[in-house]
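Report on one structure; see the data block that follows.
2 protein chains.
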Amino acid sequence: MKQHGEEKKEQVITPWEVTGGSEDGVKTGIDYKKVMDSFGCKEIPPELLERIERQTNMKVHPFLRRGIFYCHRDLENILDRHEKKLPFFLYTGRGPSSDALQLGHLVPFMFCKYLQDAFGCHVVIQLTDDEKFLVKKDITLEDAKRYAVENAKDIIACGFDPQKTFIFSDIEYYSEMFENILRVQKTVLLNQARAVFGFTSEDCIGKISFPATQIAPCFSSSFKHIFGDEDGGPALIPYAIDQDPYFRVARDIAHRLGFHKPSSICSQFIPGLHGIESKMSASDPTSCIYTTDSQGEIARKITKYAFSGGRDTLAEHRRLGGNTSVDIAYQYLSYFLESDAELSSIQQQYTSGEMLSGELKKRCIQEVQRVVGLFQERRRGVTGETVKQFMAFKK
Amino acid sequence: MKQHGEEKKEQVITPWEVTGGSEDGVKTGIDYKKVMDSFGCKEIPPELLERIERQTNMKVHPFLRRGIFYCHRDLENILDRHEKKLPFFLYTGRGPSSDALQLGHLVPFMFCKYLQDAFGCHVVIQLTDDEKFLVKKDITLEDAKRYAVENAKDIIACGFDPQKTFIFSDIEYYSEMFENILRVQKTVLLNQARAVFGFTSEDCIGKISFPATQIAPCFSSSFKHIFGDEDGGPALIPYAIDQDPYFRVARDIAHRLGFHKPSSICSQFIPGLHGIESKMSASDPTSCIYTTDSQGEIARKITKYAFSGGRDTLAEHRRLGGNTSVDIAYQYLSYFLESDAELSSIQQQYTSGEMLSGELKKRCIQEVQRVVGLFQERRRGVTGETVKQFMAFKK
């Protein structure tokens, strides 16, 4: 029986909140088709993936093959430019709110590193330490700056090309892009900002003007030390779909400012251990795997917390098979298992009831341990000197 | 007879608009007592002026003797500190919206120079080139930056001590005070900003967060290159009363940020040539005297445009006398004539009908020509090198 007020809850996808909807009190997960349609993005069709493979002479990343990066805006424009050897650059970022990343935070950087390898272009990576200070009551400026440096180390460990990658803290780099920030601040009116970002009267004035700081790096003239007075071309921005409001506004105003419209390529969220309806949340340790977790902790967390798509009894499971679309171990394998053939075989075995949840979790644990282990090995090699090299912009 | 809708218009005093009220369609000028009361400032009593003279061993400036700088907040605190040889500093500023200043713009700087001489303290002077770009549709960043440098030359020509005066463009200096700007941006909520500054939904997001940029220099830690890690003490801020909202907010939040509450000393507006109900407006050339006007132009403008408090006919004037409280020539003399005895004698002669409007204007022209002439002479000696010296902050 329907409970009063429980009939239907809409999903919420903003830069500050991501929660799936519910119907009749039952969580319905995140409807990515709906997000894409309401944000005005387009699905990435197989032809476009084939074109990328042709142009880059390499297989597209699993995140693309498996629809994790699933929609885009004007990706064709970037491919056209690449074909004509015209410049463009990659832009992504991270809000540094803790000392260590969790697994979900690596997704855009792993993908961005693939794009850099495939297209051989410059990457700029923004650390929004200013915003974290502004929006989080308990984060001091000192915390935010420390998190930024620690997060930079994690990002570097994803394998970016030191010659073509610039990582910047907003607090450090602000003045270099200040003129573009002002240009954006002048173009965006309060009513537009409220409509797109849902600001309320209780938000601080820093939060209200911050969108300009995340928008300015969409434009190559914000990076004079990289591009000089040359036109660096448009940005291609890989991001999780909750960040879309910033880049929607960037596209709206680019022409008025005499800048290139940026292109987008957007991902779904890696689900938290508890289920597909929410993303990994650093504020709930049982929902996520940290990049600092030991091999044992990874095994324990997946075994104990990963929501299973298996059936209640062994007999039932053998008879009906598991449900991969809600099974977190399977979801993680679809992120991190390189072999399409093995993934497909796992899916077939699990849905047929041949493979049990415990077996699936075991395979997932191996893959996550491998990815995190590799990451940790590279991370150990990142020194303060390396960070300085990636973050340098002053002559 | 009263016209419908014309009964009573309230005066408007904000950083972006200054107009006196009207009653029954008749302009009533600006009611400074009312502004002071509604902003919560206190009148400066004679005892305080005497105390300043005692402490500084010099006669107070005519602007103080004649009530042009007429109200304050916590001026006693500054005098207490001066007595105890504890540090404080002066902070004032200018919005650079044109290449040349008009006479009214000199008032806060002439007064600030007197305070520097009297107290021997550091002065910081903000050029809000960022704000002018943000709020003026037709001003480009290049314009605003050029105006800032030109205005700096005018300010230097007011005679500041090069050893103890720092003039800064927001665009140039922003990053040095960015952490304090962020602290202020985090503390001021949108609803407070709307209440104090009257922002509307049509204002750009840059304008909404700008108050933080004018507030940050109230705190000495925004000037590390002057004060190092020492506490520079509170700011004493001389300003025209329309700028009060910024410093009211600064005082509200100072304690929460662990900073000294700034003190205020506020002036009335030098009236425009057309009459006491409005201030000199650079956008109406017949309302103001520019610092670049020739001696002939000064004479012509005052003769032609200065609103007179004289009577309609000679006979009537001799019989009833002139009205100094609305006479612009007299008002200007009260700003710029050094001798109290002569000013008092002029008032007596004019109000008794002995002195005619033409004679009063002639004396006014002499004084304004003297002040502007002196200014122009000093201005000619200010080079690009001098500007660099006053605006230097990088090692």
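So the sequences go chain by chain: S and X. For the first sequence, numbering that gives the first Met the number 0 assigns the number 0 to the initial residue and increments by one for each residue that follows. For the second sequence, numbering that gives the first Met the number 0 assigns the number 0 to the initial residue and increments by one for each residue that follows. Cβ atoms here follow ideal geometry from the backbone N, Cα and C, with glycine treated the same way. These numbers were taken from a predicted model, which means no experiment stands behind them.
| task | Throw me the rounded Cβ distance for the S/F118 and S/H81 pair, which I believe falls under 8 Å. | result | 6 Å
| Is the beta carbon of X/I214 sitting closer than 7 Å to the one on X/L74? | no
| So which residues on chain X does S/Y173 lean against when the C-beta distance must stay under 8 Å? | Y173, S174, F177
| query | Are S/T290 and S/A151 closer than 7 Å when you measure CB to CB? | reply | no
| said: Would X/I207 pass as an interface residue toward chain S - the criterion being a Cβ-Cβ separation below 7 Å? | reply: yes
| task | Please classify X/K7: is it buried, with 16 or more other beta-carbons within 10 angstroms of its beta-carbon, or exposed? | result | exposed
| query | S/R378 and S/D153 look like a contact to me (Cβ under 8 Å); what is the Cβ gap, rounded to whole Å? | reply | 6 Å
| field | Residue span of the beta strand (DSSP E) that contains X/G28, given as start and end | value | 25 to 28
| field | Selection from S/L126, S/K135, S/E337, S/A156 that minimises the alpha carbon distance to S/K112 | value | S/A156
| Mapping DSSP to helix, strand and coil, what is X/Q347? | helix
| query | CB X/R72 to CB X/S277, shorter than 7 Å? | reply | no
| Do X/T312 and X/I252 have their C-beta atoms closer together than 7 Å? | no
| Local Cβ density within 10 Å of S/E229, reported as buried at 16 or more and exposed below that | exposed
| message | Under 7 Å, Cβ to Cβ, is there at least one residue of chain X near S/Q242? | response | no
| message | Below 8 Å, how does it come out for the region 42 to 51 of chain S and the region 228 to 242 of chain S: are there three or more Cβ pairs, yes or no? | response | no
| query | If you draw a straight line from the C-alpha of X/L256 to the C-alpha of X/C120, how long is it? | reply | 24 Å
| task | Please check the pair S/I170 and S/D137, which I expect to be a contact at CB under 8 Å, by giving their CB distance rounded to whole angstroms. | result | Contact doesn't hold; Cβ gap of about 18 Å is too wide.
| query | Hey, out of X/L89, X/P44, X/N76, whose CA is closest to X/I67's CA? | reply | X/P44
| query | Pairing CB atoms from the region 309 to 327 of chain S with CB atoms from the region 365 to 374 of chain S, are three or more of them under 8 Å? | reply | no
| message | Using only CA atoms, which one of S/C217, S/R299, S/D283, S/K361 lies nearest to S/H254? | response | S/C217
| query | Hey, is X/L188's beta-carbon within less than 7 Å of any beta-carbon in chain S? | reply | yes
| Contact set between the region 209 to 231 of chain S and chain X, restricted to residues whose Cβ is under 9 Å from the partner | F209, P210, A211
| message | Would you call the region 81 to 91 of chain S in contact with the region 295 to 302 of chain S, where contact means no fewer than 3 C-beta pairs closer than 8 Å? | response | no
| Which bits of chain X does S/A192 rub up against, with CB to CB less than 8 Å? | I204
| Extent of the continuous alpha helix (DSSP H) run through S/T385 | 383 to 390
| query | Residues in its own chain within less than 8 Å of X/K206 by CB, not counting five upstream and five downstream? | reply | E130, L133, V134, F198
| task | In the DSSP assignment, find the unbroken alpha helix (DSSP H) run with X/F68 in it and report its ends. | result | Not the alpha helix (DSSP H): X/F68 falls in the beta strand (DSSP E), residues 68 to 72.
| message | Bridge partners for S/K8 per DSSP, in chain order? | response | S/S21
| task | Please list the partners that X/I170 has in chain S, where partner means a Cβ-to-Cβ separation under 9 Å. | result | S174, F177, E178, L181
| field | Reference X/L181, options S/P14, S/I345, S/T127, S/Y146, closest by Cα | value | S/T127
| Whether X/S356 touches X/S307 by CB criterion (7 Å) | yes
| query | Which residue from X/S266, X/K393, X/S338 puts its Cα closest to that of X/I413? | reply | Nothing can be reported for residue 413 of chain X, as the shown portion of chain X is limited to 0 through 394.
| query | With distances taken between CB atoms, is the gap from S/L89 to S/L114 smaller than 7 Å? | reply | yes
| said: List, from N- to C-terminal side, the beta strand (DSSP E) runs of 3 residues or more that fit wholly inside the region 197 to 254 of chain S. | reply: 234 to 239
| Alpha-carbon spacing of S/N190 relative to X/C203, whole angstroms | 9 Å
| query | How is the alpha helix (DSSP H) around S/I327 delimited, first residue to last? | reply | 327 to 335
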